[in-house]
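Written below as structure tokens is the structure these notes are about.
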């Protein structure tokens, strides 16, 4: 009998798992169940679609259900919400939302890729038609349509994380006046202080009104389904459109029906084969936590790259192959108007929380030879282990190449290089691309000296 | 008595060594002898000065002799050509070129940083006043002055290596019609075939007449000190100005007076402390060969980064410290008009010559999300060891970020990562900076599959 692999969730990890499973075992029947209308779309691109950098919405959906079937051989059922796993019987109960009836599907292997859900404020008015999350393709279309049709002037973005930053730029590009409300003193909580200050500066230079220390108390409405202002602990902010960028959390209601283990962040915790604690059930993507391979602790980092990799691994293993996802260092980058901001590895606080005595040092360097046209300033903050000298984390922010430079540091972090080793990396010098000593090298050398107790 | 450290050569390695020695042992007397007029200048920037990207010539000279004395405490004598080392007596004999007399200097430690000299064709007319090398600040000033004063229309560049490429762009930017004569079928001999073809395409797009398979037979002159044309095995090329970009070779006449060991490329071969085979004599910079840490063979790669690092190590050790320069992987990058070209690590030929069975694979990827504005194509060619799976070398060429991506591969090569490990690097994904799978990752995965004998 053919092996039957059922995948629940059609966004990033799900299609990745399903395609891989079918490739590894072409004789398997692979079924993908998705409750929504679309599959395999790019959430990460939505801010750029809203801001107008990306015009064609069809580009956001690389695979239609039909195409996934044709190209990858994966059977797809959209409009199917899986409500229950009966692990002992190896079947799932799904709701066919169109026909409004329950359907059962048998599986030999089940892969959960149920993703994440947005965090909410839990306030009245939050579901008004000019209040949007940035989570789904529908959100993206909705925001863009609202802007085109109702021509809002003032936007308020709530939440100063990565998506909040991208939305500030997107809405500003779309011609709106943007206010950013953030709960803390500085945005982007995991960055080090100087990088966070650089972000505030970039926002200010680009006429985003950054409002720190804000807790939203209530929404004021027009009585006709639209919010007109936000009231916070600090004041009142008129708004024609509101964007909630509060982050996401794992969506694991289904997993709970089969008593799968969840971690402290509410995500499924699997082994490196992406196996859950229940036989025959794998999990991948935003519903999972990720092992941080720098401090060996679980973290919740819902990124597309991890979702795809976990998806591959779950798919390959479900189909009888052997693959592992050892974890990640956390590698993030964001463009905030004229600056690039990257964060790889541990923050100083995470290092401390892991029982490590960190050495933290920051430098400012040039992206090119200082007098070569287009040179810009790059800030680098390194976090290292005082005991071992090992590089643990880095913030890289500023001009051109900040993000790609962070990748070199990411490789160094992942492979446990010490500061001395990073300082001795053989990196390219050429005036259009880097100064004689790339700031990556200068940062490592300076931090190594600080660690050794020497002055610069 | 004070320790006396004498450094011969004032370009890159010399000032680096002298400054470091003085910093490590502030009580030492550190003397730098340079035969020319200038010290511590940037050869690498000269093409950009000629092309006009860098306007102010004073920027090319970071340290004047006075400033090196004041800031670093190094005594400097320019116009002093050292002609002989008397190693048993620990002294050098220098010619004071201004006063036209010999002077002796005692040393406790001697550091040779005598640099390199240009290769020549050995043809009559090569010293004409419109024929230039690109080796010294004087050359740079001379070319720029010649262009400004005599307004040449047609330039011929001889030699299709890195400097030849930079000079094609520089002269083209300065408004000249440029012909590039190269001995082989394709320029940039150490790159793999596709990268070399991409270079030819870039030259063609930018109206550089690339003429392959050329051997220069003779110069035609106007009888008044200027060359008017070049005659090669293939034809006759009229020229108002000629640039010789034939590469350089170690300058070791002085070292031979003390019977220092030289390697197969004519460069001094030192241990990792930069000690030569003669007690008390160190060497650093372009006069040295460099240990290639990928295949553990000597190579001759006269780069500013290696010169500085060797200079530091020689200076520190001469002053009683302990430092080592283990070697380099060879990391080079060049901008050729609209493309970036980078080469890190071994070429496939070098791998073969080292007794390694190489796997070579190439991919073409996007620099950003494909539909994000500014996306460009990047080609990556990887060379790996078929037996161990280890990454040995890479060519990265094309659009934005090719060079900085090569740096991540450089770190991987230096730290002996396998293709599988490179494919699992946690690199940043964000639409403005990279596609979901950075081409670096795709290249590694594709090459790993090829090695495993699987199709893509």
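Chains as they are written, first to last, in the numbering used here: chain A, 924 to 1379; chain B, 924 to 1379.
Glycine is no exception: its CB is placed at the ideal position from the N, C-alpha and C atoms.
Fair warning: this is a prediction, and the values are worked out from it, not measured in the lab.
Under a CB-based cut-off of 9 Å, is residue i close to chain A?
i              : result
residue 961/B  : no
residue 1363/B : yes
residue 1210/B : no
residue 1296/B : yes
residue 979/B  : yes
residue 1115/B : no
residue 957/B  : no
residue 1064/B : no
residue 947/B  : no
residue 971/B  : yes
residue 1359/B : yes
residue 929/B  : no
What would DSSP say about residue i, mapped onto helix, strand or coil?
i              : result
residue 1192/A : coil
residue 1088/A : helix
residue 1322/A : coil
residue 1360/A : coil
residue 1330/A : helix
residue 1202/B : coil
residue 1244/A : coil
residue 1211/A : strand
residue 1034/A : strand
residue 1137/A : coil
residue 1337/A : helix
residue 1072/B : helix
residue 1378/B : Note that residue 1378/B has pLDDT 46, beneath the 50 cutoff, so the model's placement of it is unreliable and the number below is only indicative. Coil, per DSSP.
Kindly indicate if chain B contains any beta-carbon less than 9 Å away from that of residue i.
i              : result
residue 1155/A : no
residue 1126/A : no
residue 1356/A : yes
residue 1086/A : no
residue 1320/A : no
residue 965/A  : yes
residue 1380/A : Look at the range of chain A in this structure, 924 to 1379, and you will see that residue 1380/A is not part of it.
residue 1036/A : no
Excluding sequence positions up to five away, which residues of its chain have a Cβ less than 6 Å from the Cβ of residue i?
i              : result
residue 1184/B : 1192 and 1200
residue 971/A  : 977
residue 1031/B : 926 and 927
residue 1180/A : 1007 and 1008
residue 1337/A : 1252
residue 1086/A : 1057 and 1168
residue 1017/A : 956, 1003, 1005 and 1026
Would you mind working out which of the options sits nearest residue i, comparing C-alpha positions?
i              : options                           : result
residue 1229/A : 1120/B, 1349/B and 1242/B         : 1349/B
residue 1176/B : 1124/B, 1036/B and 1079/B         : 1036/B
residue 1220/A : 1321/A, 1141/A, 1268/A and 1085/A : 1268/A
residue 964/B  : 1020/B, 952/B, 1344/B and 986/B   : 986/B
residue 1367/B : 1279/B, 1108/B, 1328/B and 1356/B : 1328/B
residue 938/A  : 1277/A, 1279/A and 1239/A         : 1239/A
residue 969/A  : 1107/A, 1340/A and 1068/A         : 1068/A
residue 1105/A : 1143/A, 1153/A, 1128/A and 1276/A : 1153/A
residue 1046/B : 1091/B, 1089/B and 1143/B         : 1143/B
residue 1360/A : 1203/B, 1330/B, 1362/B and 1339/B : 1330/B
residue 1294/A : 931/B, 1279/B, 1258/B and 980/B   : 980/B
residue 1275/B : 944/B, 1101/B, 1113/B and 951/B   : 1113/B
residue 1355/B : 1310/A, 1256/A, 992/A and 995/A   : 1256/A
residue 974/A  : 1347/B, 1301/B, 1296/B and 1160/B : 1296/B
residue 967/B  : 1339/B, 1335/B and 1225/B         : 1225/B
residue 1084/A : 1202/A, 1309/A, 1101/A and 1119/A : 1119/A
With a CB to CB cut of under 7 Å and the five nearest residues on each side skipped, what residues in its chain are close to residue i?
i              : result
residue 1156/B : 1137, 1138 and 1140
residue 1021/A : 1002
residue 1299/A : 1290, 1321, 1322 and 1323
residue 1023/B : none
residue 1019/A : 1002, 1003 and 1026
Residues in the same chain with beta-carbon distance under 8 Å from residue i, minus the five sequence neighbours each way, listed in chain order, please.
i             : result
residue 892/B : With chain B covering 924 to 1379 only, the question about residue 892/B has no answer from this structure.
Can we count residue i as close to the ligand HEM, meaning its CB is less than 8 Å from some heavy atom?
i             : result
residue 950/B : Here there are no bound small molecules, and the ligand HEM is not part of this structure.
Query raised in the report: When you check each C-beta in the segment 1252-1276 of chain B against every C-beta of chain A, which residues fall closer than 8 Å?
Result: 1252, 1253, 1254, 1255, 1256, 1257, 1258, 1263, 1265 and 1267
Query - Cβ-based contacts, 7 Å cut-off: residues of the segment 1323-1350 of chain A near chain B - result: 1324, 1326, 1327, 1328, 1329, 1330, 1331, 1333, 1334, 1335, 1337, 1338, 1340, 1348, 1349 and 1350
Query raised in the report: For the segment 1216-1235 of chain B, which residues have a beta carbon sitting closer than 9 Å to at least one beta carbon of chain A?
Result: 1216, 1226, 1227, 1228, 1229, 1231 and 1232
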